[in-house]
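Student: Here my numbering is used: the first residue of the sequence shown is 1, the next is one more, and so on.
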Amino acid sequence: MSSQTISEKVTTRTLKAMKTEGERIACMTAYDAAFSSVLDKVGVDLILVGDSVGMVVQGHATTIPVSMEEMVYHTQLVVRGNERAMVMADMPFMSYSNGPDCLKNAATLIKTGGAEMVKLEWGELEIDMVRRLTECGIPVCAHLGLTPQAIHKYGGYRVQGREEYAAKKMQEDARLLEEAGADVLLLECVPEGLAASITADSNVPVIGIGAGARVDGQILVLYDVIDIAPGKRTRFSKNYLEQAGSIQDALKQYVTEVKEGLFPTKEYSFS
Ligand code: KIV
């Protein structure tokens, strides 16, 4: 199965089959219909309507101010521009801090926004929330490693899972999240070896951002890739526009490099 040649809609089954067959999954964030359409056409498999919208579009310093209403609005725009890729939407800060809110807000992203999967960031409550969403038939991506909604707790953006106990805990959390029903795991800013070990242990696709090459797929923030994100680009993001003649070519090159295992190199990974 090659996503460059097939045009069928990507579903959770497609993503699972890609993991099984060793086809790398190309993912990217988008926040509107125009970019969603470009990403879809260049063969991106999974589009994330990220709460990074708060930083790269709205100009906030963190993702924390993003509201449910804003996530629903941006999800609607992305869904409208897309045909083939699967669309997942971030659940914003504190929108899943208890069972009833989690179910109500996930349902809104699916029913009103048109998302096909929701993403939650790691916290001690996440396993229970993933289980509840799974029981309701809502596909879930569980985000581990650096979880930007907890930035004030961390006291800064830094690589997670470097200490032995932290690595063990992340590996165990990943296992529990899969057991609770997570359809996809996303690892952000994790040492390459730990990400590879979590990927080898899991039966669901593992997508990395700053997690090295030995995972099932890659995701980056769109505005970093086309070099228009405000502030300093993260160390694990690559500017694809630099070598390309157009945004379309830059994004096509990203998909090619992910599919061929050429991105990320060590330069964009952590050890
Ligand atoms: O919101 C976002 O863009 C994300 C990515 C960093 C994975 O969660």
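Cβ atoms here follow ideal geometry from the backbone N, Cα and C, with glycine treated the same way.
Which residues are close to the ligand COA, meaning CB closer than 7 angstroms to any heavy atom, in chain order?
Tutor: Ligands present in the displayed structure are limited to the ligand KIV, and the ligand COA is not among them.
Student: Between which residues of its own chain and Pro92 is the CB-CB distance below 7 angstroms, once the five residues before and five after are set aside?
Tutor: Taking the sequence shown and counting its residues from 1, one reaches residue 92 at position 92. Within the same chain, Pro92 has close Cβ partners Asp51, Val66, Ser67, Met68, Met71.
Student: Could you pull out every residue in the same chain whose Cβ sits closer than 6 angstroms to the Cβ of Ile209, ignoring the five residues on either side in sequence?
Tutor: Position 209 of the sequence shown, counted from the first residue, corresponds to residue 209. For Ile209, where only same-chain residues beyond five positions count, the Cβ hits under 6 angstroms are Glu188, Ile219.
Student: Count the other CB atoms within 10 Å of the CB of Asn105; is the residue buried (16 or more) or exposed (fewer)?
Tutor: Here residue 105 is taken as the residue at index 105 of the sequence shown, counted from 1. Buried, because 16 or more other Cβ atoms sit within 10 Å of the Cβ of Asn105.
Student: Can you look up Leu146 in the DSSP assignment and give me helix, strand or coil?
Tutor: Residue 146 sits at position 146 when you count from the first residue of the sequence shown. It is coil, neither helix nor strand.
Student: Does DSSP classify Ala272 as helix, strand or coil?
Tutor: Residue 272 is absent from the structure shown; the chain starts at 1 and stops at 271.
Student: Could you give the C-beta distance for Ser202 and Ala174, rounded to a whole number, given that I count them as a contact under 8 angstroms?
Tutor: Here residue 202 refers to the residue found at position 202 of the sequence shown. Here residue 174 refers to the residue found at position 174 of the sequence shown. The pair is a contact, with the Cβ atoms about 6 angstroms apart (cut-off 8 angstroms).
Student: Pick from Leu77, Glu135, Thr134, Leu186: whose alpha carbon is nearest that of Trp122?
Tutor: Sequence index remark: in the sequence shown, residue 122 carries index 122 (1-based). The residue with the shortest Cα to Cα distance from Trp122 is Leu186.
Student: Which of helix, strand or coil does DSSP assign to Ala30?
Tutor: Locating residue 30 in the sequence shown gives position 30, where the first residue counts as 1. Shown here, Ala30 sits in coil according to DSSP, grouped into three states, outside any helix or strand.
Student: Give me, in chain order, the residues of the same chain whose beta-carbon lies closer than 7 angstroms to that of Ala250; leave out the 5 immediate sequence neighbours on both sides.
Tutor: As a first step, residue 250 is located in the sequence shown; it is residue number 250 there, counting from the start. For Ala250, where only same-chain residues beyond five positions count, the Cβ hits under 7 angstroms are Val225, Ile226, Tyr240, Leu241, Ala244.
Student: Contact defined as beta carbons within less than 8 angstroms: I believe Thr29 pairs with Leu48. What is the distance between those atoms, to the nearest angstrom?
Tutor: Numbered from its first residue, the sequence shown carries residue 29 at position 29. Numbered from its first residue, the sequence shown carries residue 48 at position 48. At roughly 5 angstroms, the Cβ-Cβ gap stays under 8 angstroms, so Thr29 and Leu48 are in contact.
Student: What is the DSSP secondary structure of Val130, counted as helix, strand or coil?
Tutor: Reading the sequence shown from its first residue, position 130 is the one you call residue 130. Of the three classes helix, strand and coil, the one that applies to Val130 here is helix, per DSSP.
Student: For Lys104, report the span of its beta strand (DSSP E) as first-last.
Tutor: Along the sequence shown, one-based indexing puts residue 104 at 104. First-last for Lys104: 99-108, but that is the alpha helix (DSSP H), not the beta strand (DSSP E).
Student: Under 9 angstroms, do Met170 and Gly145 count as touching if we go by C-beta distance?
Tutor: Along the sequence shown, read from residue 1 onward, the residue named residue 170 stands at position 170. Along the sequence shown, read from residue 1 onward, the residue named residue 145 stands at position 145. Contact flag set, yes.
Student: My assumption, with CB atoms under 8 angstroms, is that Gly217 sits in contact with Cys27. Please give the rounded CB distance.
Tutor: For the purposes of this step, residue 217 is taken as the residue at position 217 of the sequence shown. For the purposes of this step, residue 27 is taken as the residue at position 27 of the sequence shown. That belief holds up - the Cβ atoms of Gly217 and Cys27 are roughly 6 angstroms apart, short of 8 angstroms.
Student: Look at Ala33 and Arg84 and say whether their C-beta atoms are less than 9 angstroms apart.
Tutor: Translated into positions along the sequence shown, residue 33 becomes position 33. Translated into positions along the sequence shown, residue 84 becomes position 84. The answer is no: Cβ separation not under 9 angstroms.
Student: From what residue to what residue does the beta strand (DSSP E) around Glu188 run?
Tutor: Here residue 188 refers to the residue found at position 188 when the sequence shown is read from its first residue. 184-188 is the extent of the beta strand (DSSP E) around Glu188.
Student: Would you mind giving the Cβ-Cβ distance between Tyr154 and Leu120, rounded to the nearest angstrom? I have them listed as a contact below 8 angstroms.
Tutor: Against the sequence shown, residue 154 aligns to sequence position 154. Against the sequence shown, residue 120 aligns to sequence position 120. Contact flag wrong, Cβ pair sits at about 17 angstroms.
Student: Whole angstroms are fine: how far does the CA of Glu23 sit from the CA of Tyr157?
Tutor: The count along the sequence shown starts at 1 and reaches residue 157 at position 157. The count along the sequence shown starts at 1 and reaches residue 23 at position 23. Their backbone Cα atoms lie some 30 angstroms apart in a straight line.
Student: Beta strand (DSSP E) containing Ile209: first to last residue?
Tutor: In the sequence shown, residue 209 corresponds to position 209, counting from 1. Where Ile209 is concerned, the enclosing beta strand (DSSP E) starts and stops at 206-209.
Student: With distances taken between CB atoms, is the gap from Thr75 to Val87 smaller than 9 angstroms?
Tutor: As a first step, residue 75 must be located in the sequence shown, where it is residue number 75. As a first step, residue 87 must be located in the sequence shown, where it is residue number 87. Contact: yes.
Student: What is the DSSP secondary structure of Gln243, reduced to helix, strand or coil?
Tutor: For the purposes of this step, residue 243 is identified with residue 243 of the sequence shown, where counting begins at 1. Three-state result, Gln243: coil.
Student: Tell me where the alpha helix (DSSP H) around Gln76 begins and ends.
Tutor: Position 76 of the sequence shown, counting from 1, holds the residue named residue 76. Run containing Gln76: 68-81, per the alpha helix (DSSP H) assignment.
Student: Looking at C-alpha atoms only, which residue of Glu8, Thr62, Val53, Gly54 is the closest neighbour of Asp45?
Tutor: What you label residue 45 is simply residue 45 of the sequence shown in a count that begins at 1. Taking only the C-alpha atoms, the option nearest Asp45 is Glu8.
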